[in-house]
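Just below is one structure, and these are the notes that go with it.
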């Protein structure tokens with residue numbers, strides 16, 4: 010790898026001014042859910058100009074909509090096409106998917122932004138705007154890796170499949186549709202913002218809703234009722250206990266630095282209607298982390314058991330069981346072996362480019378990589394520029410240097426993984 | 010008293026058919042907040058026909074609206090007049106206020122009613138409809154007591170002041186306005202539904218709102234945030250502890266049968282916006298009971314201290330103090346001495362009519378009697394027909410027998426308290 014590094018770095022430096030303009034242009038497109046088409050068409054045109062075989066399509070159909078892993082608040086996607094561009098190899102090499110999502114979460118409260126949320130402003134080496142980190146910066150790194158190798162006249166043996174998908178923020182319907190359309194590879198890289206850490210394992214997650222019942226009464230004689238708010242405290246304790254039990258089992262060293270490898274977060278509570286009445290119903294909504302290698306159904310069963318245990322300990326819960334629903338978003342966990350060849354190649358490339366051994370950890374959140382591993386037999390590693398601390402927040406930004414370092418790492422990794430058919434100017 | 014009882018009972022029996030029709034007519038008027046005028050005008054006409062000096066007025070003015078005890082969600086009352094009718098005594102006797110509210114709470118979910126919520130249907134001796142128990146039945150008992158004594162040709166020495174007020178359900182602005190208009194007496198009876206128990210003491214109460222802060226984070230790394238929902242659990246514990254401390258101090262035997270004499274009820278909880286985010290804000294709303302003889306400000310200070318103590322124990326609360334607001338409804342507590350002459354007279358009347366010693370307890374909720382005691386130097390006893398278990402609920406009803414028993418008790422009490430100037434046909 011070392012012999013290729015300088016040429017790639019030099020080429021990337023030449024492309025940098027235009028590439029920053031390209032990222033700014035992407036960030037200026039507010040590709041929130043249902044409005045991804047303009048940016049996707051731009052990306053499709055660019056991939057075509059690079060000579061890739063481009064596939065832009067609107068996902069639809071029974072197979073998708075009734076798939077057990079289909080999760081989306083909508084069922085029609087007219088203004089949200091998926092885009093895939095294939096850079097065909099000469100044959101005989103390992104193929105690689107570069108998977109990134111183009112949908113961004115809403116800007117939120119615009120008053121908390123110092124500039125327009127879709128400004129793309131560059132200040133002190135940082136490019137600002139919703140989606141800069143999550144994950145247009147990562148997508149650009151992937152595109153630049155291809156473009157740079159092309160500029161140097163390289164031909165790879167294995168195919169490189171660049172995927173610009175929709176719906177990741179809602180649970181992965183875009184990547185699911187790409188899988189159902191037949192796209193798969195020997196491995197995948199997903200350049201979500203890992204701050205250049207390598208995440209071979211990623212947590213899955215799913216949303217749950219609990220209904221906790223009480224019995225109303227006047228607040229002045231509250232002892233005549235049963236407070237659903239007090240009962241919720243017991244349920245929250247049971248959830249905390251379940252979280253402890255589930256995490257005690259996890260001895261994977263990749264999780265050593267995470268205080269809680271697979272958290273259960275209760276994010277919403279709502280109950281009662283009148284200050285001087287005893288609340289007779291409380292709703293809780295939360296996100297349950299799912300361990301790499303764990304089946305979603307297994308995690309669901311553990312939650313059900315924890316609630317059943319409540320009923321065994323408490324007469325009220327026996328007669329008024331907590332109701333459990335699984336709703337909304339869902340991300341499948343994923344895992345790649347520590348000694349998977351792509352892991353070794355990626356680590357070597359990181360060592361070369363960053364000048365240090367990369368941190369290898371387990372991802373505390375899910376990505377579309379889970380679907381690729383689970384459904385497409387395509388082991389996926391999550392690795393990219395940017396830090397999650399700014400994703401989904403006002404004044405989101407990405408460090409441009411990290412984007413170009415990541416592009417360099419991706420180019421080196423592609424050479425090694427896919428195999429070099431023609432060395433061109435990197436020779 | 011005994012010598013008057015049979016005549017009064019006989020007279021009441023004669024009036025019963027028309028009186029039931031009258032109560033039905035009152036219940037059929039949906040006198041919810043802002044719509045009390047039609048019923049109040051009817052009542053005013055009736056009082057006038059009985060020869061009382063009638064005062065119907067719309068409350069207003071700076072003194073009322075800026076009074077420290079004024080609590081109402083509104084500031085204009087055009088369709089909600091107060092009505093007072095005075096039956097003047099011949100002089101030399103003790104005066105008595107009969108205070109009842111005409112406003113009723115909304116019918117709520119009509120599907121839970123077996124009949125129209127304002128039907129006034131009579132089935133098996135029970136009259137059904139919103140407000141039947143809370144408290145048109147009690148108001149009718151008070152009116153019937155006057156009417157019966159009049160029918161028997163009695164003249165009393167002291168004045169009897171019949172008050173049909175608005176706004177009790179929102180905190181007592183109607184009674185406050187009557188006090189500011191100058192109405193006061195040597196004592197008062199408030200025929201709220203006590204199930205014919207005598208309540209010489211009544212709990213006050215007031216509403217509070219708490220804001221509990223957290224720090225947001227992604228649910229997958231929830232340990233990077235601080236959950237306002239978990240912090241709320243700590244606040245709920247502190248409130249429970251404060252309730253215990255406050256109730257431990259209460260050794261009044263009138264409270265012996267109440268599990269919690271002055272409860273603190275948290276009736277509403279609401280916080281967090283997204284299942285996979287750590288909640289950064291939770292709102293709690295509740296009702297704090299205030300002991301008879303306790304100042305509202307004293308109870309408020311104890312709540313403030315309990316929250317300050319949280320800050321001493323917990324760094325998060327020190328840096329992010331729980332915010333406390335007092336808002337909405339407020340009822341002043343009240344207390345009449347156990348050996349107050351009206352207590353003795355009322356107990357004797359109960360013994361005669363019910364054939365047993367009445368139960369004397371402390372009220373678990375506030376009434377307008379608190380304002381009469383506190384601001385008008387008019388000791389108030391709460392006593393009336395009907396049970397609170399049906400008040401504010403679907404299919405509210407009142408046992409008609411209890412209404413007529415109460416009227417009998419009131420008539421006997423008035424004779425004794427106000428003094429008899431002319432015995433008429435009860436002689």
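Protein chains in written order, with my numbering: chain A, 10 to 436; chain B, 10 to 436.
No residue lacks a Cβ here, since even glycine has one placed at the ideal position from N, Cα and C.
Any chain B beta carbon closer than 8 Å to residue i
{"i": "residue 227 (chain A)", "result": "yes"}
{"i": "residue 38 (chain A)", "result": "no"}
{"i": "residue 74 (chain A)", "result": "no"}
{"i": "residue 374 (chain A)", "result": "yes"}
{"i": "residue 32 (chain A)", "result": "no"}
{"i": "residue 242 (chain A)", "result": "yes"}
{"i": "residue 355 (chain A)", "result": "no"}
Neighbour-count burial assignment, residue i, 16 or more Cβ in a 10 Å radius
{"i": "residue 66 (chain A)", "result": "exposed"}
{"i": "residue 212 (chain B)", "result": "buried"}
{"i": "residue 202 (chain B)", "result": "buried"}
{"i": "residue 47 (chain B)", "result": "exposed"}
{"i": "residue 75 (chain B)", "result": "exposed"}
{"i": "residue 332 (chain B)", "result": "exposed"}
{"i": "residue 262 (chain A)", "result": "exposed"}
{"i": "residue 219 (chain B)", "result": "buried"}
{"i": "residue 358 (chain A)", "result": "buried"}
{"i": "residue 388 (chain A)", "result": "buried"}
{"i": "residue 363 (chain B)", "result": "exposed"}
{"i": "residue 62 (chain A)", "result": "exposed"}
{"i": "residue 101 (chain B)", "result": "exposed"}
{"i": "residue 165 (chain B)", "result": "buried"}
{"i": "residue 353 (chain B)", "result": "exposed"}
{"i": "residue 171 (chain A)", "result": "buried"}
{"i": "residue 370 (chain A)", "result": "buried"}
{"i": "residue 30 (chain A)", "result": "exposed"}
{"i": "residue 386 (chain B)", "result": "exposed"}
Within-8 Å CB hit, residue i to chain A
{"i": "residue 305 (chain B)", "result": "no"}
{"i": "residue 232 (chain B)", "result": "yes"}
{"i": "residue 238 (chain B)", "result": "yes"}
{"i": "residue 294 (chain B)", "result": "yes"}
(request) Can you give me, in chain order, the residues of the segment 270 to 291 of chain A that have a beta carbon less than 9 Å from any beta carbon in chain B? (result) 271, 272, 273, 274, 275, 276, 277, 278, 279, 280, 281, 282, 283, 284, 285, 286, 287, 288, 291
(request) Report the residue ranges of all beta strand (DSSP E) runs contained in full by the segment 300 to 342 of chain A; include only those spanning at least 3 residues, in chain order. (result) 332 to 340
(message) Below 8 Å, how does it come out for the segment 103 to 123 of chain A and the segment 400 to 408 of chain A: are there three or more Cβ pairs, yes or no?
(response) yes
(request) Could you name the residues of the segment 208 to 225 of chain A whose beta carbon sits closer than 9 Å to any beta carbon of chain B, in the order they occur along the chain? (result) 212, 214, 216, 217, 218, 225
(message) Suppose only complete runs of 3+ residues qualify. What are the beta strand (DSSP E) ranges in the segment 129 to 198 of chain B, listed by chain order?
(response) At a cut-off of 3 residues, the continuous stretches assigned as beta strand (DSSP E) that sit fully inside the segment 129 to 198 of chain B are 135 to 137, 169 to 174.
(request) Identify each residue in the segment 296 to 325 of chain B for which the Cβ-Cβ distance to at least one residue of chain A is less than 7 Å, and report them in chain order. (result) From the segment 296 to 325 of chain B, only 296, 298 have a Cβ closer than 7 Å to chain A.
(request) Output, in sequence order along the chain, the residues in the segment 130 to 151 of chain A whose CB is closer than 8 Å to any CB in chain B. (result) none
(message) Count Cβ pairs between the segment 82 to 98 of chain B and the segment 170 to 188 of chain B that sit closer than 8 Å; are there 3 or more?
(response) yes
(request) Could you list the residues in the segment 328 to 353 of chain A with a C-beta less than 9 Å from some C-beta on chain B, going in chain order? (result) 336, 337, 338
(message) Counting only Cβ-Cβ distances shorter than 7 Å, please list the residues of the segment 369 to 398 of chain A near chain B, keeping chain order.
(response) The residues in question are 373, 374, 397.
(request) Could you run through the segment 245 to 271 of chain A and flag, in chain order, every residue whose CB is less than 9 Å away from some CB of chain B? (result) Of all residues in the segment 245 to 271 of chain A, only 245, 246, 249, 267, 268, 269, 271 place a beta-carbon less than 9 Å from a beta-carbon of chain B.
(request) Run through the segment 41 to 125 of chain A for me and flag every whole alpha helix (DSSP H) of 4 or more residues, listed as ranges in chain order. (result) You should have 46 to 58, 71 to 74.
(request) Answer yes if the segment 286 to 294 of chain B comes into contact with the segment 224 to 239 of chain B, meaning at least three C-beta pairs across the two stretches below 8 Å, and no otherwise. (result) yes
(request) Spell out a yes or no on whether the segment 329 to 346 of chain A and the segment 371 to 379 of chain A are touching, meaning 3 or more CB-CB pairs, one atom from each, closer than 8 Å. (result) yes
(request) Could you tell me whether the segment 25 to 35 of chain B touches the segment 30 to 48 of chain A, where touching means 3 or more Cβ pairs closer than 8 Å? (result) Output reads no: the segment 30 to 48 of chain A does not touch the segment 25 to 35 of chain B.
(message) Extract the residue ranges of the beta strand (DSSP E) inside the segment 203 to 235 of chain B, only unbroken runs of 3 or more that lie entirely within it.
(response) Entirely contained in the segment 203 to 235 of chain B, the beta strand (DSSP E) runs reaching 3 residues are, in chain order, 207 to 211, 213 to 222.
(request) Would you check if there are 3 or more beta carbon pairs closer than 8 Å linking the segment 150 to 169 of chain A to the segment 122 to 135 of chain A? (result) no
(request) Give, in chain order, every unbroken run of the beta strand (DSSP E) that is at least 3 residues long and sits entirely within the segment 243 to 294 of chain B. (result) 273 to 280
(message) Between the segment 239 to 254 of chain B and the segment 317 to 332 of chain B, can you find at least three pairs of beta-carbon atoms closer than 8 Å?
(response) yes
(message) Check whether the segment 245 to 260 of chain A and the segment 187 to 195 of chain A touch, using three or more Cβ-Cβ pairs below 8 Å as the test.
(response) No, the segment 245 to 260 of chain A does not touch the segment 187 to 195 of chain A.
(request) Please specify which runs of the alpha helix (DSSP H), each continuous and at least 4 residues long, are wholly inside the segment 344 to 425 of chain A, giving them in chain order. (result) 350 to 363, 378 to 385
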